[in-house]
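All remarks here apply to the structure that follows.
Number of protein chains: 2
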Amino acid sequence: MTVPGTISLPQLRAFCLDAFERAGMTRPDADIGAQVLSTTDAWGVFTHGSKAMRGYLRRLQAGGLQARGRPRIVAEGPAWAVVDGDSALGMITSAFAMTAAIDKATQAGVGYIGVRNSSHFGAAGYYACLAARRGLIGLAMANDIPSVAAPGSRSAVTGSNPLAYAVPARRHQPLMLDMSVATVAGGKVYAARERGEPIPGTWLIGEDGLPTDDAASYPEHSVLTPAAAHKGFGLALLIESLAGCLSGAATTWQIRSWLGDDPALPTGHGAAFLALDCAAIGDDLPGRIDGLIDEIHAAPTAAGVPRLVVPGEIEWERFSVAQASGIALPSDVLASLRQSAEIARLDLDDYLAAGVNQASGGLRFGI
Amino acid sequence: MTVPGTISLPQLRAFCLDAFERAGMTRPDADIGAQVLSTTDAWGVFTHGSKAMRGYLRRLQAGGLQARGRPRIVAEGPAWAVVDGDSALGMITSAFAMTAAIDKATQAGVGYIGVRNSSHFGAAGYYACLAARRGLIGLAMANDIPSVAAPGSRSAVTGSNPLAYAVPARRHQPLMLDMSVATVAGGKVYAARERGEPIPGTWLIGEDGLPTDDAASYPEHSVLTPAAAHKGFGLALLIESLAGCLSGAATTWQIRSWLGDDPALPTGHGAAFLALDCAAIGDDLPGRIDGLIDEIHAAPTAAGVPRLVVPGEIEWERFSVAQASGIALPSDVLASLRQSAEIARLDLDDYLAAGVNQASGGLRFGI
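Protein chains in written order, with my numbering: chain A, 756 to 1122; chain B, 756 to 1122.
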């Protein structure tokens, strides 16, 4: 028996693809968006997966996202380019930009792509992994509307500005870290609120500048705390510099919220992608990463800790489980997908009913 | 009256230069080392300034550091190079490598330099600022012997792996962050121990895997905690990948301690330097950074907080004070300099006695 609310990975991808296509996107573009969102869910990162699609569909309908937007390179040099996202879905522009970074790195050893006129791009780790799957080190980052305090501030000063990297290994899955510069990403606060779960007192500070554990206060009456205080704040400004200021994108308060602001208007987000060609620069980097991972796995654990994991290891394990057994959708994700189905005039049950026993053949990582 | 133990910046630089020259380094090389260490002290980062010189002098005497070592490029492409440090003083190799990164970036837009056979390089922020002073964004990072736990580990798994960046502004000093991936760098634990100051219970975990506030237990019987748990751990592995695995340097347990291990043997540290040419890629990046800094300065502060500062702002303010009034050396730094003087057969009082009222002309940032 399949647990109700469990969906196979190919069916989740098919649902997202069909919904994006109904919103006016070309089938190849819709499939890129679907691949990013379903992979993110397969990693168990539900805050940044298909749950977000209803917001994208609303913006595609209203025109803030351009269904037929075409990202393009507007300036370039031997090891860099600037991409204008044309207000296309963030996944389309980001996949295009990381592919360009990989091309530059393959030529020059390193590639930097700055992106302007993009939008919310989902899980940064996806794009970093596009590079790792091709044997390169990848980094992905983006700016966002301010939601995070600086040390000593009473209001939001920077975005939660995601930073992700992926480093290819040989025997192991790529190392992959996808972090926000906040103690936790805002999506986790939203999820806790929707699920009615309590949050620790270290995630938010209220309008008085003091800590609060009231998830319902976010984002109207509280802001996120920066991870490790000045370190998270400092990383936020590095990301704003590379993804916003250098790329010519909107920054901080110039950016519009992809969730809260008028869906008819573009959000103007910036992003940055870096790739380094390990095959050109390094001497068997994947083999050395294997050794590093093996060494960490062999290190002694604290009492009660069964094993040490490297960044991305849990996500790749969940990915394997999702390939074999489908994804048990959390209630907030399922509710959001039903709203997406309504917007797209699709019947989610058609996709859920397909079960998880069908061959998931062909769904590998990548686009 | 000058406070005893206060030294002018030119005299501190002259002392370090003379000491390095006595250890066999060429005068130009000795001056690079002196400039890095005195600037670091002028920033108030005493854990990574001239206090460390006694350790370098011992290794220069014993041969683990090569006084006449010459860093050289051993492989390169349009936007990258690998530098072999020839076991020269870490400051020499790192300044050489960042200069190479700037050269590559000026040609290709971006430059990555991986470094092997280096040693402890002091304050990573110095090299990042070399790029910012030339109008480029600079990043600097290095690996080190394991001293930091992974989430759930009982022993050290990664180095405290410094990460620094600097971004040029126009009206303001460059943004500059220099952080370790540990909650605090080991140098701060050593300094607290030498000064007899207590430390918080969040900096270290003991051999049982539980937190300890016993600074004296470090590093023999405790390890540093990673900043923001899995985030600091994840960044440590990114830095190890770029500075160690990709550059062909020693990694984790292959590295020797520059303080604790046989001074006759090289340490084998790795490092990585990145530069991005803002003038080629961006449209008035320095002006946009000015705007970002102004915006943060204008944000409301929490009760009791007089002002918000951006990364590096306090360090640059201290630098100005040091230029005008000299540096009041903390007792542990002064004691270490006296040991350096003994090793180099110099009289520190000659330099201290020069007073701070002499013109400090000519001591600007840079090499």
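Idealized CB from N, CA, C, for every residue including glycine. All values derive from a computational prediction rather than experimental measurement.
By the 10 Å Cβ neighbour count, where 16 or more other Cβ atoms means buried, how is R950 (chain B) classified, buried or exposed?
exposed
Nearest-angstrom beta carbon gap, P981 (chain A) and P906 (chain A) [assumed within contact, 8 Å]:
7 Å
Apart from the five residues just before and just after L1089 (chain B), which ones in its own chain have a Cβ nearer than 6 Å to its Cβ?
G760
Which residues in chain A sit within 8 Å of D1038 (chain B), going by Cβ to Cβ distance?
G1003
At least three beta-carbon pairs within less than 8 Å, the segment 836-846 of chain A to the segment 874-891 of chain A:
yes
Cα separation between L891 (chain B) and G866 (chain B)?
11 Å
Straight-line gap, G832 (chain A) to V1065 (chain A) (C-alpha atoms, nearest Å)
35 Å
Evaluate contact between the segment 930-942 of chain A and the segment 973-980 of chain A, counting only Cβ atoms and requiring at least three cross-stretch pairs below 8 Å.
yes
A1053 (chain A) and N898 (chain A) - do their beta-carbons sit closer together than 8 Å?
no
Within 7 Å of chain A by C-beta, residues of the segment 903-920 of chain B in sequence order:
A905, G907, S908, R909, S910, V912, Y920
Using three-state DSSP, classify G845 (chain B) as helix, strand or coil.
helix
Mind checking A774 (chain A): buried by the 16 CB within 10 Å criterion, or exposed?
buried
Provide the residue(s) that pair with D933 (chain B) in DSSP beta bridges, ordered along the chain.
B:A919
Endpoints, the alpha helix (DSSP H) within which L764 (chain A) is located
764-777
Can you tell me where the beta strand (DSSP E) with M896 (chain A) in it begins and where it stops?
892-897
Within 10 angstroms of the Cβ of I828 (chain B), are there 16 or more other Cβ atoms? Answer buried if so, exposed if not.
exposed
Reduced DSSP secondary structure (H/G/I, E/B, other) of D1039 (chain A)
coil
Nearest residue (CA-CA) to P1021 (chain A), options A:G819, A:K806, A:F770
A:G819
My output table needs one value for A1057 (chain A): the three-state DSSP class, helix, strand or coil.
coil
Going along the segment 863-876 of chain B in order, which residues come within less than 9 Å of chain A, judged by CB to CB distance?
A863, G864, V865, G866, Y867, G869
Measuring alpha carbon to alpha carbon, tell me which residue in B:A830, B:R888, B:A817, B:G880 is nearest I857 (chain B).
B:R888
Proximal residues to I1044 (chain A) (C-beta, below 6 Å), its chain only, five neighbours per side dropped:
V922, A924
Name the residues in the segment 938-972 of chain A whose C-beta lies less than 9 Å from a C-beta of chain B; which are they?
T938, I960, D963, G964, L965
Beta-carbon separation of R768 (chain A) and Q790 (chain A) under 8 Å?
yes
Near I1125 (chain A), what residues of its chain come up, given a Cβ to Cβ distance below 6 Å and the 5 sequence neighbours on each side ignored?
Because chain A in this structure spans residues 756 to 1122, residue 1125 (chain A) falls outside the shown range and cannot be described.
Three or more beta-carbon pairs under 8 Å between the segment 1081-1097 of chain A and the segment 799-818 of chain A, yes or no?
yes
So, with DSSP's three-state summary, where would you put V870 (chain B)?
strand
Can you find a CB in chain A that lies within less than 8 Å of the CB of T1056 (chain B)?
yes
Over what stretch of residues does the beta strand (DSSP E) that includes I828 (chain B) continue unbroken?
827-832
Rounded to whole angstroms, what's the CA-CA distance from R1100 (chain A) to F770 (chain A)? Just pull it up for me.
11 Å
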